[in-house]
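The opening position of the sequence shown corresponds to residue 13 in this note's numbering, with each subsequent residue numbered one higher.
These notes concern the structure reproduced below.
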Amino acid sequence: ATMIVRSALKPSWAEWVLNEVKFADRMFNGFFMGKLLDSAIVGVICFVGCLLMGFKNPLLIAVIVGVTNIIPFFGPFIGSIPCALLLLLDNPMHALMFLIFIIILQQLDGNVIGPKILGDSTGISSFWVIVSILVGGGFFGVLGMFFGVPVFAAVRTLIKYLVDRRLAGRDMPLEASAYVKRDLQQPPAGV
Numbered sequence: 013a014t015m016i017v018r019s020a021l022k023p024s025w026a027e028w029v030l031n032e033v034k035f036a037d038r039m040f041n042g043f044f045m046g047k048l049l050d051s052a053i054v055g056v057i058c059f060v061g062c063l064l065m066g067f068k069n070p071l072l073i074a075v076i077v078g079v080t081n082i083i084p085f086f087g088p089f090i091g092s093i094p095c096a097l098l099l100l101l102d103n104p105m106h107a108l109m110f111l112i113f114i115i116i117l118q119q120l121d122g123n124v125i126g127p128k129i130l131g132d133s134t135g136i137s138s139f140w141v142i143v144s145i146l147v148g149g150g151f152f153g154v155l156g157m158f159f160g161v162p163v164f165a166a167v168r169t170l171i172k173y174l175v176d177r178r179l180a181g182r183d184m185p186l187e188a189s190a191y192v193k194r195d196l197q198q199p200p201a202g203v
């Protein structure tokens, strides 16, 4: 693939394309590794919670919840349904306690653990992780939720590269703080 890109494009463009592909590969790998780590953490927390509450089959429940947590937003709830039914057969109160526990665990994962891990692995803030999952899910459903974060990170980096290149070509500063200070120092038009 490298030879095709280098033969089809000018050297400067070929280097740019190859660097962007490498960066996108790092983003996707970082996201998927981060998602696996997030799911493992949720599985361990679920296992400990199930042990502390005295549920039967805590390892099975934790594995189901952890594995389905790989699917953004809906996965843990999809995994909690068969687990709650399993607990319902033994003790209805355990099933209710489990559902409440899963809701709390998902709030913790969705608002703290997941965005922190995925933000660190992709280089974007927790806020943008949540936004990219919501926007991706809104446009493309479950696949959009799954691929929203790495696609957003790659697009963000591409836009930053193009803006920086354009500013450098005009001999303008690349730091945003330079423009904030400049805007504050200029008097309003018409004064």
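The C-beta atom is built at its ideal place from N, Cα and C for all residues, glycine as well.
This one's a predicted model, so the numbers in the text were calculated from it and none came from an experiment.
Given a cut-off of 9 Å on the beta-carbon distance, is the pair residue i and residue j in contact?
i: residue 82; j: residue 133; result: no
i: residue 129; j: residue 168; result: no
i: residue 88; j: residue 114; result: yes
i: residue 164; j: residue 143; result: yes
i: residue 126; j: residue 146; result: no
i: residue 73; j: residue 120; result: no
i: residue 162; j: residue 86; result: no
i: residue 117; j: residue 77; result: yes
i: residue 166; j: residue 35; result: yes
i: residue 30; j: residue 18; result: yes
i: residue 75; j: residue 61; result: no
Hey, residue i and residue j are a contact pair by Cβ (cut 8 Å); roughly how many whole angstroms apart?
i: residue 92; j: residue 111; result: 7 Å
i: residue 32; j: residue 170; result: 6 Å
i: residue 141; j: residue 131; result: 5 Å
Using a beta-carbon distance below 9 Å, is residue i in contact with chain C?
i: residue 40; result: The structure shown contains no chain C; it is built from a single protein chain.
Check your understanding: At what residue ranges does the region 109–145 contain a whole run of the alpha helix (DSSP H), taking only runs of 4 or more?
Key -> 126–134
Review point. Between the region 96–106 and the region 57–70, are three or more C-beta pairs nearer than 8 Å?
Key: Under the 8 Å Cβ criterion, the region 96–106 counts as touching the region 57–70, having at least three qualifying pairs.
Exercise for review: Mind listing, in chain order, the continuous beta strand (DSSP E) runs of no fewer than 3 residues lying wholly within the region 47–93?
Suggested key: none
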